[in-house]
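Participant: These protein sequence lines are chains A and B, in that order. For the first sequence, position 377 matches number 377 in this note's numbering, and the numbering has no gaps at all. In this note's numbering, each residue's number is its place in the second sequence (first place is 1) plus 418. Idealized CB from N, CA, C, for every residue including glycine. Pasting a structure below so you can have a look.
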Amino acid sequence: MPLATDIDTSSPKHLRDKYAIIGVGETSYTRGSGMTTRALGTWAVRNAIEDAGLRPADIDGMLSYQSGDSTFAPFIAGDLGIRLNFYMDVFGGGSSTEALIGMAMGVIEAGMCKTVVLFRAMNGFSQVRIGGTGARSAVPISGDMLHSRTYGWQSAGQLFSFTFLRHMYDYGTTPAQVAAVRVAHSQHASNNPKAYYQRRLTVEDVLASRIICKPLHLLDCCVETDNATAVIVSSAARARDGRQPRVLIRGVAGRVCKPRVDMHYQHGPISSVAGKYAREILWPNSGVGPEDVDVTGSYDAFTFTTMLQLEDYGFCKKGEGGQYVSDGTICLGGRRPNNTSGGHLCEGYTHGMNMVIENVRQLRHEVDDSCPIGADGKRQHTYDYREGGCRQVKQCEVTANLGWAMPGTGSAMVMRRD
Amino acid sequence: MSIKANYLGMPLSIDELDGENLAYFKHCAAHDFHLQLCVSCNLLRYPPTTACPWCMRAEAQWVPVEGKGAVHAYTEVHHAIQPAFKAATPYLVLLVDLDTQNGKPSAHEALRVVGNLTTPDGQLAPADMVKRVGIGTRVRMVFSDVAPGLALPQWTIDAEAAQPQPWRYPEE
Chain A
1 MPLATDIDTS
11 SPKHLRDKYA
21 IIGVGETSYT
31 RGSGMTTRAL
41 GTWAVRNAIE
51 DAGLRPADID
61 GMLSYQSGDS
71 TFAPFIAGDL
81 GIRLNFYMDV
91 FGGGSSTEAL
101 IGMAMGVIEA
111 GMCKTVVLFR
121 AMNGFSQVRI
131 GGTGARSAVP
141 ISGDMLHSRT
151 YGWQSAGQLF
161 SFTFLRHMYD
171 YGTTPAQVAA
181 VRVAHSQHAS
191 NNPKAYYQRR
201 LTVEDVLASR
211 IICKPLHLLD
221 CCVETDNATA
231 VIVSSAARAR
241 DGRQPRVLIR
251 GVAGRVCKPR
261 VDMHYQHGPI
271 SSVAGKYARE
281 ILWPNSGVGP
291 EDVDVTGSYD
301 AFTFTTMLQL
311 EDYGFCKKGE
321 GGQYVSDGTI
331 CLGGRRPNNT
341 SGGHLCEGYT
351 HGMNMVIENV
361 RQLRHEVDDS
371 CPIGADGKRQ
381 HTYDYREGGC
391 RQVKQCEVTA
401 NLGWAMPGTG
411 SAMVMRRD
Chain B
419 MSIKANYLGM
429 PLSIDELDGE
439 NLAYFKHCAA
449 HDFHLQLCVS
459 CNLLRYPPTT
469 ACPWCMRAEA
479 QWVPVEGKGA
489 VHAYTEVHHA
499 IQPAFKAATP
509 YLVLLVDLDT
519 QNGKPSAHEA
529 LRVVGNLTTP
539 DGQLAPADMV
549 KRVGIGTRVR
559 MVFSDVAPGL
569 ALPQWTIDAE
579 AAQPQPWRYP
589 EE
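Quick look at the structure:
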């Protein structure tokens with residue numbers, strides 16, 4: 001594989017390539033799952049265990065993340081007959097996936113358990129609306145919230161828009177450039193039979209959709225869905241016994257923050273995001289740089305989040321993110337496609353895990369598109385990216401996931417094909 | 419003593435243990451904006467915290483701060499999430515650089531105070547006023563009275579200041 005030589009030896013990178021993602025699984029993406037988060041989580045974890053070719057007895061660690069809106073690990077373990085040597089249920093939303101994968105590596109390295117499954121189960125449309133409407137919009141306001149919610153400054157879109165708008169002011173980024181993110185992801189989703197939105201959109205469609213809060217149009221925002229997702233982490237040595245091609249973890253950066261993360265707008269430039277700091281951990285630890293990456297999974301809660309992260313992780317020069325996301329680079333068939341499943345904007349909203357799952361499948365060269373399955377049981381990819389066709393990236397060797405909690409906090413992970 | 423109040427139909431409360439917020443909003447209720455000044459490094463901070471972000475010192479004095487500044491960024495909300503704000507759309511949430519301590523202790527730092535654009539008497543601004551404000555607009559602090567011991571700091575156009583041409587979201 002075309003990896004650069006190590007570009008930083010400032011700290012030992014003992015865990016580079018020593019851990020692997022050995023199983024991935026998810027439920028359907030719906031608006032109205034008709035079941036509990038416990039049932040969703042059980043479904044996704046079972047799918048991941050079956051994908052890995054494991055039995056429940058092979059799993060002895062469990063991690064989950066949530067925001068008071070989901071079930072806990074003991075119930076999933078109980079439902080599937082898993083006896084745990086370790087579990088933690090963590091409070092967190094976006095960017096938790098990569099951070100918890102790093103924690104899983106550490107827990108296994110410490111000898112606390114051998115194989116960890118992570119899950120996120122949510123009825124983000126039918127129970128606790130991720131956009132913040134419904135019950136979440138009417139809770140009593142106290143403490144630190146007195147400085148935000150009292151001003152009608154509460155939802156993710158409202159809270160992040162200072163960063164988005166200031167980027168337009170600082171660098172001349174245009175609504176049409178950023179809309180190209182939605183267009184690209186909609187094209188990818190049209191080749192993903194499980195995506196919630198599969199219709200291809202144009203820049204004009206995005207710009208003609210109503211304003212939610214400037215600079216966000218409705219179609220700059222992701223879809224709220226009900227779903228659960230799961231990934232299984234184990235040592236690279238154990239991964240050799242697995243059912244799937246090995247997908248090795250090169251490096252992880254977990255919930256890296258800007259200064260004053262309690263109120264990050266105090267410390268500018270506010271048009272920069274946490275990736276500016278996370279990249280100083282991600283690339284040296286991974287031993288690769290942006291140029292080595294074939295596919296990105298840049299968190300797309302909004303079109304702007306994808307653009308800002310690609311820029312601050314160094315895929316283009318600072319200020320040129322609008323150009324980068326609108327020149328075809330991030331489309332299937334382009335130099336470095338982003339969110340080939342359609343991501344949060346189109347496939348479904350998972351707080352980041354579906355983007356890791358997609359990149360694992362890209363690295364296995366077994367993305368679940370509509371290409372025919374051959375006599376060997378494997379998909380015969382056509383690399384024809386027209387609507388309803390293929391979404392496997394040719395010779396995908398290295399991927400980067402860029403997770404987002406908010407402008408001030410993010411996580412990232414580089415994986416490679418063995 | 420704790421405070422319980424209602425603002426635009428939203429229940430607000432400050433717990434009796436929350437000394438920092440009780441002090442902050444008490445000054446706002448007197449229409450006299452104060453921030454914490456670190457007794458060690460002499461830096462002001464916003465919003466209230468329990469220690470100095472630059473030197474960790476817990477002790478601070480509440481000192482008056484001039485409520486004037488310029489809009490650093492904003493969002494204009496057309497689709498309100500909270501029921502309380504649905505009748506007020508479009509409304510502006512402003513991030514304002516105070517003139518005081520701007521660019522300190524490092525070039526990209528400032529006391530950036532959040533508030534809505536309001537009329538001088540603290541009512542959410544009407545649509546024709548919303549259209550006049552953008553990045554760079556000079557604003558001054560006013561207050562929305564909520565309850566004894568609790569008023570919210572807000573921003574209104576500074577009629578006495580020389581106004582630059584504000585930068586507005588282009589697609590209008």
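1) Alpha carbon to alpha carbon, what distance is there between A:L216 and A:G37?
2) Would you call B:Q454 buried or exposed, if buried means 16 or more other Cβ atoms sit within 10 Å of its Cβ?
3) Out of A:H14, A:G78, A:G352 and A:A52, state which residue places its alpha-carbon closest to the alpha-carbon of A:G403.
4) Please report the straight-line C-alpha distance between A:T399 and A:L332, rounded to a whole angstrom.
5) State yes or no: is the beta carbon of B:L570 nearer than 8 Å to at least one beta carbon in chain A?
6) Go to A:E280, then tell me how far its alpha helix (DSSP H) extends in each direction, as first and last residue.
7) Anything in chain B within Cβ reach of A:S28, meaning under 8 Å, just list it in chain order.
8) Which residues in chain A have a C-beta closer than 8 Å to the C-beta of B:H496? List them in chain order.
9) Taking CB distances under 8 Å as the criterion, tell me whether A:P175 reaches chain B.
10) Exposed or buried, what is A:M103 when buried is set at 16 or more other beta-carbons lying within 10 Å of its beta-carbon?
11) Run down chain B in chain order and give the residues with a C-beta less than 8 Å from the C-beta of A:T150.
12) At 3 residues or longer, what runs of the beta strand (DSSP E) sit wholly inside the stretch 423-452 of chain B?
13) For B:N439, would you say it is in contact with chain A, using Cβ-to-Cβ distances shorter than 8 Å as the test?
14) Does the stretch 257-274 of chain A come into contact with the stretch 162-178 of chain A, if we say contact requires no fewer than three beta-carbon pairs (one atom in each stretch) closer than 8 Å?
15) Along the chain, where does the alpha helix (DSSP H) containing A:G157 start, and where does it finish?
16) What's the gap between the Cα of A:S64 and the Cα of A:S70?
17) Any idea if A:H92 is buried or exposed, counting beta-carbon neighbours within 10 angstroms, 16 or more meaning buried?
18) Return the CA-CA distance between B:V514 and A:L146, expressed in angstroms with no decimal places.
19) When you compare only the Cα positions, how much space is there between A:Y151 and B:G533?
20) Cα-Cα, which of A:R361, A:D226, A:D58 and A:I49 is closest to A:G34?
21) With A:F119 as the anchor, note down where its beta strand (DSSP E) starts and where it stops.
22) Could you check the C-alpha separation between A:G94 and A:G289 for me, to the nearest Å?
23) Identify the continuous alpha helix (DSSP H) that holds B:H490 and give its terminal residues.
24) Strictly under 8 Å for the Cβ-Cβ distance: is A:S161 near chain B by that measure?
Facilitator: For this structure:
1) The sequence position of residue 37 of chain A within the first sequence is 37, counting from 1. The sequence position of residue 216 of chain A within the first sequence is 216, counting from 1. Per the sequence presented here, residue 37 of chain A reads as Thr, with Gly not at that position. Cα-Cα distance, rounded: 30 Å.
2) Start at 1 with the first residue of the second sequence, and residue 454 of chain B comes out as number 36. When all chains shown are included, B:Q454 counts as buried.
3) Looking up residue 403 of chain A in the first sequence gives position 403. The shortest C-alpha separation from A:G403 is found at A:G352.
4) Start at 1 with the first residue of the first sequence, and residue 399 of chain A comes out as number 399. Start at 1 with the first residue of the first sequence, and residue 332 of chain A comes out as number 332. Their Cα atoms are separated by approximately 14 Å.
5) Mapped onto the second sequence, residue 570 of chain B falls at position 152. Yes, B:L570 counts as interfacial toward chain A.
6) Taking the first sequence and counting its residues from 1, the one referred to as residue 280 of chain A is at position 280. Start and end: G275 to S286.
7) Here residue 28 of chain A corresponds to residue number 28 of the first sequence, with the count starting at 1. Correct list: empty, because the minimum Cβ distance to chain B is about 27 Å.
8) For this step, residue 496 of chain B is matched to residue 78 along the second sequence. By Cβ distance, chain A contributes R210, I211, I212, C213 and K214.
9) Here residue 175 of chain A corresponds to residue number 175 of the first sequence, with the count starting at 1. Yes, A:P175 counts as interfacial toward chain B.
10) For the purposes of this step, residue 103 of chain A is identified with residue 103 of the first sequence, where counting begins at 1. Buried, because 16 or more other Cβ atoms sit within 10 Å of the Cβ of A:M103.
11) Residue mapping note: residue 150 of chain A aligns to position 150 of the first sequence, counting from 1. What A:T150 touches in chain B: Y425, M428, L430 and L570.
12) Correct list: 428-432.
13) As a first step, residue 439 of chain B must be located in the second sequence, where it is residue number 21. Closer than 8 Å to some Cβ of chain A, the Cβ of B:N439 qualifies, so yes.
14) yes
15) The sequence position of residue 157 of chain A within the first sequence is 157, counting from 1. First-last of the alpha helix (DSSP H) with A:G157: A156 to Y171.
16) Numbered from 1 along the first sequence, position 64 holds the residue referred to as residue 64 of chain A. Numbered from 1 along the first sequence, position 70 holds the residue referred to as residue 70 of chain A. If you take the alpha carbons of A:S64 and A:S70, they lie about 9 Å apart.
17) The residue you call residue 92 of chain A lines up with position 92 of the first sequence. The amino acid occupying residue 92 of chain A in the given sequence is Gly; His does not appear at that position. Answer is buried; the Cβ neighbour count reaches 16.
18) Here residue 514 of chain B corresponds to residue number 96 of the second sequence, with the count starting at 1. Here residue 146 of chain A corresponds to residue number 146 of the first sequence, with the count starting at 1. In a straight line, the C-alpha of B:V514 is about 17 Å away from that of A:L146.
19) Looking up residue 151 of chain A in the first sequence gives position 151. Looking up residue 533 of chain B in the second sequence gives position 115. Rounded to whole angstroms, A:Y151 and B:G533 show a C-alpha spacing of 6 Å.
20) Position 34 of the first sequence holds residue 34 of chain A. Residue A:D226 is the option with its Cα nearest to A:G34.
21) Counting from one through the first sequence, the residue named residue 119 of chain A turns up at place 119. Run containing A:F119: T115 to N123, per the beta strand (DSSP E) assignment.
22) Taking the first residue of the first sequence as position 1, residue 94 of chain A is located at position 94. Taking the first residue of the first sequence as position 1, residue 289 of chain A is located at position 289. Taking the straight line from one Cα to the other gives about 23 Å.
23) Position 72 of the second sequence, counted from the first residue, corresponds to residue 490 of chain B. B:H490 -> not in any alpha helix (DSSP H); beta strand (DSSP E) instead, spanning K486 to V495.
24) Your numbering for residue 161 of chain A matches position 161 in the first sequence. Yes, A:S161 counts as interfacial toward chain B.
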